Amino acid sequence: MHKTWIVTLETYLRQIKSWSFLFMVIGPFLMIGLTVGISYLSANSASSSKQVAVISTSQPLRQAYLKQQTGTLNTKITTVAAAKSAVKKNHLAGYLELRTSAHQIRADYHGSSTMASGLKAQTQNFLQQYQQAQNYRQAKLTTQQQRLLARTPVLQQHIEKKAGTANLAKTISFWILVTMIYIILITYASIAAQEIASDKGTKIMEIIFSSTTATSYFVGKIGGILLVILTQIVIYLLGGWAGFQIAWHSAALKPLLTENQSLITAVLHNLLNLNLVYLFLGVIIYTILAAYSGAVVAKAEDASKAAQPVVMLGMFGFFATFPFQNNLDALFVKILSYVPFFSSYFMPMRIINGTVNGWEQLLSLLILVVAIALFASYIGSQYQRLMLQTDSRSFWQHLIHGWRRQN
Amino acid sequence: MLSIQHISKQFGPVKALNDVSFEVPNGQILGLIGQNGAGKSTTFHSILNFIKYDGTIQWQGHPLSPADFDTIGYLPEERSLMTKLTIEQQIIYLARLKDQSARDIRPRIDDWLGRFAVKGTRKSRINDLSKGNQQKVQLICTLIHHPKLLILDEPFSGLDPVNADLLKQAILKARDDGAAIIFSSHDMENVSALCDQLVMLRKGDMVLHGTLGEVRNQFGKTELYVTTDWSATRLATLPSVDRVDQRQPGQYRLHLTDPAAGPAIFAELTQGHYIEEFSQQPPTLDEIFRLKVSEDHA
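Just so you know, the sequences run in chain order P and R. Just so you know, the first sequence maps onto residues 1 to 407 in the working numbering. Just so you know, the second sequence maps onto residues 1001 to 1298 in the working numbering.
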């Protein structure tokens, strides 16, 4: 156990001290930071050129319009000449000229492109209300008459908010979970294969196998890689938490979060349960398979090839879930939710949707744990032979040879 | 004591080892010689349980098990270290796998680097070292935990005479500390200088086994070293002289078909007068090696 830990620590420290790990971990944060930064800069630089000036000879009309509209209006420009000049210099998107002629209100928009749809709708709404008020005043209607004329039909949708949120939460949880498994698998399959394959056929393995057992060394290597994965997950969880805290204290985002509080809670609830165990066990079994593939290659340079079968298997599991998101009672889904390598995708899907009871979850989990133990034990028994052989057999020949020797 | 009894190993149609037996007592050095592919590395791999074999190998009276790993020092034939590590990291990592604590090993590193005259500091990266210095670091990794069983596969290959001497001293020191040592080499001079006993393998068969004296004497005192003013042609007329090789001007080595002819040759060559050199010896290890190899080719 002591020597296993030494190997684990060495593998772990070597991986996390590498530049590739650093870039891999900070990559998403950099991407998010860059996206936010560029959006912010773009929004700031574009803000003036998106504004619209409002010009009118009737100050009450202009003031009434400005009072109703918010956001993209420029209140400083008050003359047509100034507005024209600003449009020409690309400081304004356009200007709106409001006037009243024979009790009819008219609005003319002048710009380099059509009015933004939101502003157009708001403007039409304003014009209609203002014109109606003018009309009522002109017609000298009583309050009762005005009320009667203002009567409109009612169309209202009644949505069960709770069920809607739950369904959305299921969909979001499912996607987060399978995507996490898939990304971790794709990333670490090649790292695990490379880590093992780089030792392949080297004499350092002979020195190591004269110091510790192959099984102990193999378990140590896998442990080291899993610790690296765990480190990355913890960093992302901390980063996510920090991002959430920042968003929570941001005036712009807080209303959005408050509005979706129940959805966020439901998603977190779906993720932070047995599904997290499935995620981790799924990563373990795929990492072991990748390590085995790394040990089977003929030489260290073939490590990238070694990860391919693992990646393909992972991709199959990932894409196979797509057609069954809304058909969780299909026999195919039920079967694969018990089959190691696929249960990590399919059982969480069923758990999120609540279509599987506790015993079934436990059985699937037990099968997965036993499969991991048997798989690790088999590879541990083969590991020394695989790592020390230096012949020129191909990947598949090695694989078949290994099975033949075993049986 | 390392005891190897009747071990055989077959790789497909190739017989790599065929009923090989020998023992290496504690505090003794055994040299394993043989051509490339004779079965030397296979013997080492069998001792270390890297491969399955027929026969029995025991260390201190029991089959070698993981519990014995910490007492073994193994130097493989080709050198291989973790090139991204520093010298210190590499030595400590491998020593920790031999159940040594970093705290114990760290203060010893500079002493070992000095002993092997490694060009580099403990913080130097393995990658930045010359091939010879990498080899010396690997030797340090093999020896620093004071192993009781030392297995060295071609330890002298690639070392210059000065460094080979440093290694010899280290091997002798380990022997004096009670280690059982087995090493392979193509350099018969090193084998002669170090070994208490030797084993020669040829295509998996053990063709020689014994102390250096025993092995040489098996071939009789057939080599006669003389310094004389006689010519090579005249020396060849002496009784039982099969071949005459000139070593230096006036210095010859005569190969005899019958070692018993020595006194007669002495009498004829000296004629009762002083002679600077007359030494009758068994063949050298190098000659025995060539002889045994040529037997197979004959």
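C-beta: ideal position from N, C-alpha, C; glycine also. Computed from a prediction, not measured in an experiment: that's the story for all the values here.
With 16 other CB atoms within 10 Å as the buried threshold, where does residue i fall?
i: tyrosine 95/P; result: buried
i: lysine 3/P; result: buried
i: leucine 1198/R; result: buried
i: methionine 205/P; result: buried
i: glutamine 406/P; result: Confidence at glutamine 406/P is low in this model, with a pLDDT of 48, below 50, so the placement of that residue should be treated as unreliable; the coordinate-derived value is given next. Under this definition glutamine 406/P is an exposed residue.
i: serine 210/P; result: buried
i: arginine 1247/R; result: exposed
i: threonine 1211/R; result: exposed
i: tryptophan 1059/R; result: buried
i: serine 56/P; result: buried
i: proline 255/P; result: exposed
i: glutamine 1218/R; result: exposed
i: arginine 137/P; result: exposed
i: asparagine 327/P; result: exposed
i: aspartate 1153/R; result: buried
i: leucine 1254/R; result: buried
i: leucine 374/P; result: exposed
i: threonine 1222/R; result: buried
i: valine 1137/R; result: buried
i: proline 28/P; result: exposed
i: glutamate 1276/R; result: exposed
i: phenylalanine 319/P; result: exposed
i: serine 337/P; result: buried
By the DSSP assignment, the beta strand (DSSP E) with residue i in it spans what residues?
i: glycine 1034/R; result: 1029 to 1034
i: glycine 94/P; result: 94 to 101
i: aspartate 329/P; result: That residue, aspartate 329/P, is in no beta strand (DSSP E); it is neither H nor E in DSSP.
i: glycine 1073/R; result: 1072 to 1075
i: arginine 1253/R; result: 1251 to 1256
i: glutamine 146/P; result: Run containing glutamine 146/P: none in the beta strand (DSSP E); it sits in the alpha helix (DSSP H), 143 to 150.
i: asparagine 1018/R; result: 1014 to 1024
i: tyrosine 1225/R; result: 1223 to 1227
i: glutamine 1248/R; result: 1241 to 1248
i: leucine 1198/R; result: 1197 to 1202
i: isoleucine 1126/R; result: Note, isoleucine 1126/R: premise wrong, no beta strand (DSSP E); not H, not E.
i: alanine 1261/R; result: Run containing alanine 1261/R: none; DSSP gives neither H nor E here.
i: alanine 107/P; result: 104 to 111
i: serine 1008/R; result: 1002 to 1011
Thinking C-beta only, is residue j closer than 7 Å to residue i?
i: serine 1101/R; j: glycine 1055/R; result: no
i: tyrosine 188/P; j: valine 7/P; result: no
i: isoleucine 1140/R; j: tryptophan 1112/R; result: yes
i: isoleucine 1144/R; j: leucine 1085/R; result: no
i: valine 283/P; j: isoleucine 184/P; result: yes
i: valine 1191/R; j: glycine 1012/R; result: no
i: glycine 345/P; j: glycine 380/P; result: In the sequence under discussion, the amino acid at residue 345/P is tyrosine, which differs from the glycine named in the question. Not a contact, by the Cβ cut-off of 7 Å.
i: isoleucine 1057/R; j: isoleucine 1004/R; result: yes
i: leucine 177/P; j: proline 348/P; result: yes
i: aspartate 1242/R; j: threonine 1228/R; result: no
i: alanine 291/P; j: alanine 197/P; result: no
i: isoleucine 1335/R; j: tyrosine 1074/R; result: With chain R running from 1001 to 1298 in the structure shown, residue 1335/R is simply not present.
i: glycine 75/P; j: valine 52/P; result: The sequence shown places threonine at residue 75/P, rather than the glycine named in the question. No, the Cβ-Cβ distance between threonine 75/P and valine 52/P is not below 7 Å.
i: leucine 149/P; j: leucine 98/P; result: no
i: threonine 11/P; j: lysine 221/P; result: yes
i: asparagine 1018/R; j: glycine 1204/R; result: yes
i: phenylalanine 126/P; j: isoleucine 352/P; result: no
Along the alpha helix (DSSP H) that carries residue i, what are the first and last residues, could you check?
i: histidine 2/P; result: 2 to 16
i: leucine 1113/R; result: 1102 to 1115
i: tyrosine 1053/R; result: Looking at the DSSP string, tyrosine 1053/R is not in any alpha helix (DSSP H), and its letter there is neither H nor E.
i: methionine 1206/R; result: Taken as a continuous stretch (DSSP letters only), methionine 1206/R belongs to no alpha helix (DSSP H), being part of the beta strand (DSSP E) at 1205 to 1210.
i: lysine 76/P; result: Premise fails: lysine 76/P is in no alpha helix (DSSP H) and is neither H nor E.
i: aspartate 1153/R; result: Taken as a continuous stretch (DSSP letters only), aspartate 1153/R belongs to no alpha helix (DSSP H), being part of the beta strand (DSSP E) at 1149 to 1153.
i: phenylalanine 280/P; result: 274 to 296
Can you give the beta carbon distance from residue i to residue j, rounded, assuming they're within the 8 Å contact cut?
i: threonine 287/P; j: leucine 230/P; result: The Cβ separation is near 11 Å, so there is no contact.
i: alanine 1236/R; j: valine 1226/R; result: Their Cβ separation, rounded to whole angstroms, is 12 Å, which puts alanine 1236/R and valine 1226/R out of contact at 8 Å.
i: phenylalanine 322/P; j: alanine 330/P; result: Between alanine 330/P and phenylalanine 322/P the Cβ distance is about 13 Å, and since that is not below 8 Å, they are no contact.
i: leucine 1291/R; j: leucine 1269/R; result: Contact doesn't hold; Cβ gap of about 25 Å is too wide.
i: threonine 1071/R; j: proline 1147/R; result: 6 Å
Self-check item: Every unbroken alpha helix (DSSP H) inside the stretch 229 to 272 of chain P [4 residues or more]
Solution: If you keep only unbroken alpha helix (DSSP H) runs of at least 4 residues inside the stretch 229 to 272 of chain P, you get 254 to 259, 261 to 271.
Exercise. Would you mind listing the beta strand (DSSP E) stretches within the stretch 19 to 71 of chain P that are 3+ residues and don't spill past its ends, in chain order?
Key: Taken in chain order, the complete beta strand (DSSP E) segments of 3 residues or longer contained in the stretch 19 to 71 of chain P are 52 to 56.
Exercise. Any chance you could list the alpha helix (DSSP H) runs of at least 4 consecutive residues sitting entirely within the stretch 182 to 229 of chain P, in chain order?
Key: The stretch 182 to 229 of chain P contains, as complete alpha helix (DSSP H) runs of 4+ residues, the segments 203 to 209 (chain order).
Practice problem: Pick out the complete beta strand (DSSP E) segments inside the stretch 333 to 382 of chain P, 3 residues or longer, and give them in chain order. | Solution: Entirely contained in the stretch 333 to 382 of chain P, not one beta strand (DSSP E) run reaches 3 residues.
Quiz item: Which whole runs of the alpha helix (DSSP H) in the stretch 1263 to 1292 of chain R are 4 residues long or more, in chain order?
Solution: If we require 4 residues or more, the stretch 1263 to 1292 of chain R turns out to have no alpha helix (DSSP H) run fully inside it.
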